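In this note's numbering, the protein residues as written are 2 to 141.
Below, the structure written as structure tokens:
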């Protein structure tokens, strides 16, 4: 379906930008292809915090590898979001990715500090779930 969509749009000369193509591929479960599109989006726009965060999340949640690289990409997303005063909810999303990457990499104290910052911005259910896991790991 995704391939057909890209084919049809190409036939009509309507280019889909790599960021949106990455989102479509990620939703279709085409994670490797999505990763390449998000990287292309960053190459075209080095300030694309969303694509940095998506790459980090793919490594942490879908591939479950390269946590150091995930931390690097998520750190960049957070830095861009803070520098540009992104909305709290968006920054919280990036902090969640960074915190979860740190947790998965065994950096529990770093994850704890990030989640403490995150819950001040947003206490959404999906963030609180990760927050509780990190704090349970600290107390063990």
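Every residue, glycine too, gets a C-beta built ideally from N, C-alpha and C. These figures come from a predicted structure and were not determined experimentally.
Quick one: Cα of residue 59 to Cα of residue 128, how far? Residue 59 and residue 128 have their C-alpha atoms some 17 Å from each other.
Residue 1 (DSSP reduced to helix, strand or coil): Any question about residue 1 goes unanswered here, given that the chain covers just 2 to 141.
Beta-carbon within less than 6 Å of residue 19's beta-carbon, same chain only, minus the 5 sequence neighbours each way: which residues are those? In its chain, beyond the 5 residues on either side, 38, 41, 42 have a beta carbon closer than 6 Å to the beta carbon of residue 19.
Could you give the distance in angstroms between the alpha-carbon of residue 139 and the alpha-carbon of residue 101? Straight-line Cα distance between these residues: approximately 14 Å.
Any contact between the stretch 28 to 37 and the stretch 82 to 98? By contact I mean 3 or more CB pairs, one from each, below 8 Å. Using a Cβ-Cβ distance cut-off of 8 Å, the stretch 28 to 37 and the stretch 82 to 98 are not in contact, since fewer than three pairs of beta carbons, one from each stretch, lie closer than that value.
N-terminal and C-terminal residue of the alpha helix (DSSP H) that residue 79 is part of: DSSP places residue 79 in the uninterrupted alpha helix (DSSP H) bounded by 68 to 84.
In whole angstroms, what separates the C-alpha of residue 92 from that of residue 66? The straight-line gap from Cα to Cα measures roughly 23 Å.
Does residue 110 come out as helix, strand or coil in the three-state DSSP assignment? In the three-state scheme derived from DSSP, where H, G and I count as helix and E and B as strand, residue 110 is classed as helix.
By the DSSP assignment, the alpha helix (DSSP H) with residue 136 in it spans what residues? For residue 136, the uninterrupted alpha helix (DSSP H) segment begins and ends at 126 to 140.
Cα separation between residue 51 and residue 126? Straight-line spacing of the CA atoms in residue 51 and residue 126 works out to 21 Å.
Should residue 49 be labelled buried (16 or more other beta-carbon atoms within 10 Å of its own) or exposed? Buried.
Collapsed DSSP secondary structure at residue 88 in the structure displayed: Residue 88: coil per DSSP, three-state reduction.
Identify whether residue 20 lies in helix, strand or coil by the three-state DSSP scheme. Reduced to three states, the DSSP call for residue 20 is helix.
Along the alpha helix (DSSP H) that carries residue 60, what are the first and last residues, could you check? Note, residue 60: premise wrong, no alpha helix (DSSP H); not H, not E.
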